[in-house]
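A.B. asks: What follows is a structure written as structure tokens; I'll ask about it next.
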Ligand SMILES: Nc1ncnc2c1ncn2[C@@H]1O[C@H](COP(=O)(O)OP(=O)(O)OP(=O)(O)O)[C@@H](O)[C@H]1O
Ligand SMILES: [Mg+2]
């Protein structure tokens, strides 16, 4: 079926309508150029798989025997067989006389020039192919050895018998099949792969579709050259298949399998890492914004060294989350018990006027929360502890602070209790409890209460664990 450039580009590429028009325009002079240069000419466009190219137009020179028996329009030009095309599509630079293997498994030399659109983007390439069969004439002597499947397999087997180092050095699995798919030769890597997949050792003479069923789909396609990635269990394998043809007869099939599992896993890990780095930048930006708005609020209130110390405590609470993150084995989760203890100890140590001797107790189980939730929690707990130290134990010698935290029924609850003079709302403008209220209501979607108790003051923060989302 004759397919137009328009149809091919729409199906196999991501080219725009105007890019396709440029390709169509170029293709009009293709036949004339082929006749003039007496060479096979093609136009390839980058395929939408991001790796290979697709042949969208071709022209054979008139009066000169062509290298090709069939049309290759609509076929893939695989990057590993036509490296010059891949290079030009990737870099936008021309490439001269580079060896390639055609869709009919013949050696040619390709000169490739990019076709660009008005924005300077490479939308395709013009390829001129030269027959290098003359140059590879001496190679034909070697080829003669492999005229039949048997001889070729004997050659390969002979090679491995003489020098097994060569076959062991090949990282890919190499299999030679006869035209019916029977395994005539396999290298040690292929042997290991088959054993790993089906557990059986007898390989020679068995059918490829029995041993490696995932290849069947590829093998049944009658393409001379094919390259495909397949997932087999947890493995990712790249399968290349080359149909060996001699005097228009299929004499055998060469299958090369490369294990890409490790490579793909590394690519996946790299993607996860870059996503984590993005996330960290996002969190750092958020935390710096929090710090600057806290400083701005404090600035409006004015005050001397004490207010600077308050700001320092707030910044140190955020820093405590990062210190916990550094020690944590998890990427973005913080252990809350340690975090609260760290903030408590930090507050006691940094207090400016130490009239009373204050002890602090922590009750709660180990648990992990996302770092943004941990930052909100750190800031609020800091404020509550600061208040105990600043207001609760005025004119007293001793004081005790009790911090209790738990998660029950998808809710996290933390209470800060003291045995001091007891809370009473003052008329003075204050910042601390405002900060607590804002963070609890807006960032944590929770509730905050503070009240005078029989023995002192009790402040409680409760918030749902599921609803809390990254800001
Ligand atoms: N644990 C407590 N014991 C007794 N009184 C408290 C306690 N916590 C808060 N208060 C009272 O509530 C008031 C408001 O507290 P808030 O933290 O908002 O402001 P502040 O501590 O006075 O100033 P800052 O902005 O530096 O925090 C305090 O001034 C204090 O009178
Ligand atoms: Mg306060």
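Numbering (our numbering), first residue to last: 97 to 567. Built from N, CA and C at the ideal position, the CB exists for glycine as well.
Report the CB separation of residue 506 from residue 562 in whole angstroms; it is logged as a contact under 8 angstroms.
C.D. replies: About 6 angstroms separates the two Cβ atoms, so the contact holds.
A.B. asks: In chain order, what residues of the same chain lie with their CB nearer than 6 angstroms to the CB of residue 312, ignoring the 5 residues before and after it?
C.D. replies: 305, listed in sequence order.
A.B. asks: Quick one: Cα of residue 425 to Cα of residue 287, how far?
C.D. replies: Computed Cα separation, rounded: 40 angstroms.
A.B. asks: According to DSSP, is residue 97 helix, strand or coil?
C.D. replies: Note that residue 97 has pLDDT 47, beneath the 50 cutoff, so the model's placement of it is unreliable and the number below is only indicative. Note: residue 97 maps to coil in three-state DSSP.
A.B. asks: Considering only heavy atoms of ligand 3, does any lie closer than 6 angstroms to the CB of residue 482?
C.D. replies: Here the bound small molecules are ligand 1 and ligand 2; ligand 3 is not part of this structure.
A.B. asks: Should residue 528 be listed as close to ligand 2, given that the test is whether its C-beta is under 6 angstroms from any heavy atom?
C.D. replies: Yes, the beta carbon of residue 528 sits closer than 6 angstroms to at least one heavy atom of ligand 2.
A.B. asks: Would you mind stating whether residue 168 and residue 199 have Cβ atoms separated by less than 7 angstroms?
C.D. replies: Contact: yes.
A.B. asks: Tell me which residues share the same chain as residue 430 and place their Cβ nearer than 7 angstroms to its Cβ, disregarding the 5 neighbours each side in the sequence.
C.D. replies: Once the five neighbours on either side are set aside, the close Cβ partners of residue 430 are 417, 420, 421, 424, 464, 465, 467 and 470.
A.B. asks: So what's residue 191 in DSSP terms, helix, strand or just coil?
C.D. replies: Three-state result, residue 191: strand.
A.B. asks: For the alpha helix (DSSP H) containing residue 287, name the first residue and the last one.
C.D. replies: Run containing residue 287: 284-294, per the alpha helix (DSSP H) assignment.
A.B. asks: Under 8 angstroms by Cβ, that's how I've got residue 356 and residue 219 pegged, so tell me the actual separation to the nearest angstrom.
C.D. replies: Contact doesn't hold; Cβ gap of about 29 angstroms is too wide.
A.B. asks: So the candidates are 346, 296 and 472; which of them puts its Cα closest to the Cα of residue 383?
C.D. replies: Checked all of 346, 296 and 472; the closest Cα to residue 383 is 472.
A.B. asks: Measure from the alpha carbon of residue 456 to the alpha carbon of each residue in 475, 497, 477 and 462, then state which is nearest.
C.D. replies: Closest by alpha carbon: 497.
A.B. asks: Comparing alpha-carbon positions, which option in 362, 217 and 532 lies nearest residue 545?
C.D. replies: Taking only the C-alpha atoms, the option nearest residue 545 is 532.
A.B. asks: According to DSSP, what are the bridge partners of residue 480?
C.D. replies: Partner(s): none; residue 480 has no beta bridge.
A.B. asks: Does the segment 347-365 come into contact with the segment 271-288, if we say contact requires no fewer than three beta-carbon pairs (one atom in each stretch) closer than 8 angstroms?
C.D. replies: Yes, since at least three Cβ pairs between the segment 347-365 and the segment 271-288 fall closer than 8 angstroms, the two stretches touch.
A.B. asks: Which of the three DSSP states is assigned to residue 220 in this structure?
C.D. replies: Correct three-state label for residue 220: strand.
A.B. asks: Whole angstroms is fine: what's the gap from residue 321's alpha carbon to residue 338's?
C.D. replies: Cα-Cα distance, rounded: 5 angstroms.
A.B. asks: Using the Cα positions of residue 516 and residue 385, report the straight-line distance between them to the nearest angstrom.
C.D. replies: So the alpha carbons of these two residues sit roughly 34 angstroms apart.
A.B. asks: Nearest to residue 484 by alpha carbon, out of 459, 503, 452 and 504?
C.D. replies: Ranking 459, 503, 452 and 504 by Cα distance to residue 484 puts 452 first.
A.B. asks: Using only CA atoms, which one of 489, 307, 150 and 542 lies nearest to residue 476?
C.D. replies: Selected option, being the one with the closest Cα: 542.
A.B. asks: Kindly give me the distance between the Cβ atoms of residue 149 and residue 143, rounded to whole angstroms, as I take these residues to be in contact under 8 angstroms.
C.D. replies: Rounded, the Cβ-Cβ distance is 6 angstroms, consistent with contact.
A.B. asks: Please identify the residue among 509, 140 and 514 whose C-alpha is closest to the C-alpha of residue 560.
C.D. replies: Among 509, 140 and 514, the Cα nearest to that of residue 560 is on 509.
A.B. asks: I'd like the span of the alpha helix (DSSP H) that includes residue 374, first residue to last.
C.D. replies: Taken as a continuous stretch (DSSP letters only), the alpha helix (DSSP H) holding residue 374 covers 357-397.
A.B. asks: Please determine whether the Cβ atom of residue 553 lies at a distance below 6 angstroms from any heavy atom of ligand 1.
C.D. replies: For ligand 1, at least one heavy atom lies less than 6 angstroms from the Cβ of residue 553.
A.B. asks: If I measure Cβ to Cβ from residue 341 and keep anything under 8 angstroms in the same chain, skipping five residues before and after, which residues do I get?
C.D. replies: The residues are 200, 201, 320 and 347.
A.B. asks: Please report the straight-line C-alpha distance between residue 203 and residue 184, rounded to a whole angstrom.
C.D. replies: Their Cα atoms are separated by approximately 19 angstroms.
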